[in-house]
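Note sheet for the following structure.
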Amino acid sequence: MERFVVESIFLVFDPHGNAEDRCNMLRLYSHKETQKTQSYNEKPNPELIKQDYIGPPDKDSNLRPYVRCIPDNETALAKMLRNKRVEVEAWNQDFWSKHNKRFYEEKEDFIKIHHQAGSTDISADEMSVFYKHFLDKNRKIHALYNLSWYIKNFELLILAFRVALQKLIKRRKL
3 MERFVVESIF LVFDPHGNAE DRCNMLRLYS HKETQKTQSY NEKPNPELIK QDYIGPPDKD
63 SNLRPYVRCI PDNETALAKM LRNKRVEVEA WNQDFWSKHN KRFYEEKEDF IKIHHQAGST
123 DISADEMSVF YKHFLDKNRK IHALYNLSWY IKNFELLILA FRVALQKLIK RRKL
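Letter by letter, the sequence shown follows residues 3 to 176 of this note's numbering.
Structure (structure tokens):
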């Protein structure tokens with residue numbers, strides 16, 4: 003496997019590589035052709051990479067974005083799986099970005115109300131009241147999110163199983 007070291011914050015993730023590669027999680031790029039990056043936050047081109055890349059946590063959602071590799075010999079089923087993964091990741095990113103924005107806005111409002119009431123410091127016990135209230139208020143949203151997340155992951159598992167089965171059948175024919 004050819005590797006080029008590049009200043010980047012994207013991590014290599016190769017689920018099909020050897021155990022040593024999976025354990026190291028090095029900050030390396032592997033290219034089909036040389037690709038130059040302009041900044042730390044620039045994502046690699048999916049057409050030029052051989053492996054999936056995991057980026058730094060997003061500032062809004064706290065999720066690490068993936069850049070999915072597009073293999074040269076990708077089957078229609080594998081493409082469906084890759085596109086479904088991208089779709090689920092975008093859905094997850096959107097949910098947590100909105101959720102965290104709402105959380106921080108409400109937390110800021112809670113702190114302002116306490117400061118207006120004359121409290122200079124807010125204790126951990128007082129903050130726990132806010133956290134519990136926020137969780138209780140968003141319980142249905144969290145339950146629906148979890149249900150949707152499980153369904154989407156089950157769909158991904160089914161597709162991944164079909165892709166693995168397709169690869170196995172193809173290998174047996176060779």
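From the three backbone atoms N, C-alpha and C, an ideal C-beta is built for every residue, glycine too.
Helix, strand or coil: how does DSSP classify Asp-138 here?
Within the sequence shown, residue 138 is the residue found at index 136, counting from 1. It is helical.
For Phe-132, which residues in the same chain have their Cβ closer than 6 Å to its Cβ, ignoring the five residues on either side in sequence?
In the sequence shown, counting from the first residue as 1, residue 132 sits at position 130. The beta carbon of Phe-132 sits closer than 6 Å to the beta carbons of Phe-112 from its chain, once the five residues preceding and following it are set aside; these are given in chain order.
Euclidean distance between Cα positions of Val-90 and Ser-125
Along the sequence shown, one-based indexing puts residue 90 at 88. Along the sequence shown, one-based indexing puts residue 125 at 123. Answer to the nearest angstrom: the Cα atoms are 38 Å apart.
Starting from the Cα of Asp-74, find the closest Cα among Gln-118, Asp-60, Gln-53 and Arg-174 and give me that residue.
Start at 1 with the first residue of the sequence shown, and residue 74 comes out as number 72. Minimum Cα distance to Asp-74 is reached at Gln-53.
Threshold first: 4 residues or longer. Then list the alpha helix (DSSP H) segments lying entirely within the segment 85-128, N to C.
none
Neighbour-count burial assignment, Pro-46, 16 or more Cβ in a 10 Å radius:
Here residue 46 corresponds to residue number 44 of the sequence shown, with the count starting at 1. Label assigned to Pro-46: buried.
Give the DSSP-derived three-state secondary structure of Ile-51 in the structure shown.
As a working mapping, residue 51 is identified with position 49 in the sequence shown. Ile-51: strand per DSSP, three-state reduction.
When burial is assigned at 16 or more other CB atoms within 10 Å of the CB, is Tyr-55 buried or exposed?
Looking up residue 55 in the sequence shown gives position 53. Label assigned to Tyr-55: buried.
Would you mind sorting Leu-83 into buried or exposed? The rule is 16 or more other CB atoms within 10 Å of its CB.
Residue numbering aside, residue 83 sits at position 81 when the sequence shown is read from its first letter. By the neighbour-count rule (16 or more Cβ atoms within 10 Å), Leu-83 is buried.
Here's the rule I'm using: 16 or more other beta-carbon atoms within 10 Å means buried, otherwise exposed. How should Ile-51 be labelled?
Translated into the one-based positions of the sequence shown, residue 51 becomes position 49. By the neighbour-count rule (16 or more Cβ atoms within 10 Å), Ile-51 is buried.
Taking the Cβ atom as the reference point for each residue, do Lys-86 and Leu-161 lie within a distance shorter than 7 Å?
Mapped onto the sequence shown, residue 86 falls at position 84. Mapped onto the sequence shown, residue 161 falls at position 159. Between Lys-86 and Leu-161, the C-beta gap is smaller than 7 Å, which places the two residues in contact.
Helix, strand or coil at Glu-76 according to DSSP, with G and I counted as helix:
Against the sequence shown, residue 76 aligns to sequence position 74. Reduced to three states, the DSSP call for Glu-76 is coil.
Spatial distance of Ser-150 from Gly-120 (CA atoms)
Within the sequence shown, numbered from 1, the residue matching residue 150 stands at position 148. Within the sequence shown, numbered from 1, the residue matching residue 120 stands at position 118. Roughly 43 Å separates the two Cα atoms.
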